[in-house]
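Below is one structure, written out as structure tokens, with a few remarks after it.
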Amino acid sequence: MAVTVSTLPELKAPKGSGGFLVKNLYLSCDPYMRGRMRPPSPASYIPSTFFGFQLCQPIEGFGVSEVVDSDNPEFQAGDFIAGMTGWEEYTLIQKPQQLRKISRNHAVPLSYHLGLLGMPGFTAYCGLYELCSPKAGEFVFVSAASGAVGQIVGQLAKLEGCRVVGSAGSATKVEMLTSKMGFDAAFNYKEEADLDAALKRYFPQGIDIYFDNVGGEMLDAALLNMRVKGRIAVCGMVSQHAVTDSGPGIRNISNVIVKRIKMQGFLQSDFLHLYPRFLDHVTAHFLAGDIVYVEDVDDGLESAPAALAGLFTGENIGKKVVRVVPP
Ligand code: NDP
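Spelled out as structure tokens, the structure:
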């Protein structure tokens, strides 16, 4: 393996650069980062401006950081920010991307700005409200339900008066969904030989809203169980990241026509104008105790590669973050 040795830059933002230097506190592990390790493809959902991690450069991702030196009047030393940063201890930020200042509310831990109040929580919010228009009494199914996005989708849907069932990949996760997060029911999809039969068991009257985080066979089974005028938010296909041959594919797609299903893919970045409304909505519910949030924290920068890889084997219980400097 090639080893690159570089000189540490001075821990200051260069004068006249307009940049600012941050100390990284928490790093977010997100499934889309796997896509940035592949060559660019028209089928990828990563915006071209975000393409590809550079060899011998720190991985980029969402993080929570503290400004330690600044040549930018909008950011002062001592400010806390959430946005794109590097998987390293200090990052010099020249071009802020999806970056916002965190107003310090001590009831909300800093790391929650990577999940509950960060990109995954926002994905849950815009996917559910903008694509699926949930109504009281509707039947909602969420896959990868205990993860960063899924746990928020299910709890928001419950607040709208829906009946919510989640699928997850272990007994611990299933138990957490019903006992802690208020889902009406949950099941371990790994123990179901027939996903169609499982969905029929949990949704004898059919599914109004399917929030799809996994794609593949679960999407195919959900298509069979949708009600007329159902809505499917196609959020992610985490089951497909490691799949090299396309397998049997989606066989039940004709249900979209027969049942007049609205099935729509989306990127949270399409809805950034809604971010302030999302922050108000979810913060208020969290502070009122209506939403619980589970995160899974690994300590030390050296733990980050395994933490990221673990998303694809279901190691994470809740939102996976890395605390750069353990307390
Ligand atoms: P999670 O916190 O849910 O972590 C990933 C989880 O996926 C794992 O814990 C595991 O849970 C599940 N998983 C892994 N492999 C498989 C598999 N082969 N089959 C089924 N489930 C699997 O991740 P996020 O909440 O951050 O992301 C959820 C989805 O949302 C992803 O598909 C992601 O790409 C997508 N996303 C889309 C965005 C958008 O703008 N459209 C933005 C953000 C995320 P389990 O143990 O339950 O299997």
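Heads up, the sequence shown is in full-length UniProt numbering, so the first residue is 1 and it goes up one at a time. In this text, a Cβ means the ideal position worked out from N, Cα and C, and glycines have one as well.
Scanning its chain for C-beta atoms nearer than 8 Å, with the 5 sequence neighbours on each side dropped, one finds around Glu130 the residues Phe266, Phe271 and Leu274, in chain order.
For Met84, the uninterrupted beta strand (DSSP E) segment begins and ends at Phe80 to Gly86. Under the criterion of beta carbons closer than 8 Å, Ser179 and Gly166 do not qualify as touching, at roughly 12 Å.
With respect to Gly121, Ile81 sits apart: the two C-beta atoms are not nearer than 8 Å. In this structure, the beta-carbon distance from Ala77 to Val67 falls below 8 Å. Distance check between His241 and each of Ala309, Ala157 and Lys12 places Ala309 closest, using alpha-carbon atoms only.
Between Gly236 and Pro31, the C-beta spacing is below 8 Å. If you draw a straight line from the Cα of Lys229 to the Cα of Ser239, it comes to about 26 Å. In this structure, the straight-line span from the alpha carbon of Asp196 to that of Val164 is close to 17 Å. Phe187 and Ala198 do touch by the CB rule: their CB atoms are close to 6 Å apart, below 8 Å. For the ligand NDP, no non-hydrogen atom lies closer than 7 Å to the CB of Lys180. One alpha carbon belongs to Leu99, the other to Gly83, and they sit about 4 Å apart. In the structure shown, Gln264 falls within a strand segment according to DSSP collapsed to helix, strand and coil. Scanning Gly18, Ser28, Leu21 and Thr244 for the CA closest to the CA of Asn316 turns up Ser28. DSSP links Thr91 through a beta bridge to Val22. For the ligand NDP, a non-hydrogen atom lies closer than 7 Å to the CB of Ser146.
Looking from the CA of Val324, the closest CA among Arg104, Leu110 and Gly127 belongs to Leu110. Between Val282 and Gly318, the C-beta gap is not smaller than 8 Å, which leaves the two residues out of contact. Leu114 is not a Cβ neighbour of Val108, given a cutoff of 8 Å. For Cys132, the number of other beta carbons within 10 angstroms of its own is at least 16, and it is reported as buried. Listed as beta-bridge partners of Phe139 by DSSP are Arg163. Between the beta-carbon of Phe211 and that of Leu128 there is about 7 Å, and that keeps the pair under the 8 Å contact cut. For Glu217, the CB contacts under 7 Å within the same chain, skipping 5 residues up- and downstream, are Leu195 in chain order. With fewer than 16 other beta carbons inside 10 angstroms of its own, Ala288 counts as exposed. Between Asp69 and Leu11, the gap from beta carbon to beta carbon is short of 8 Å.
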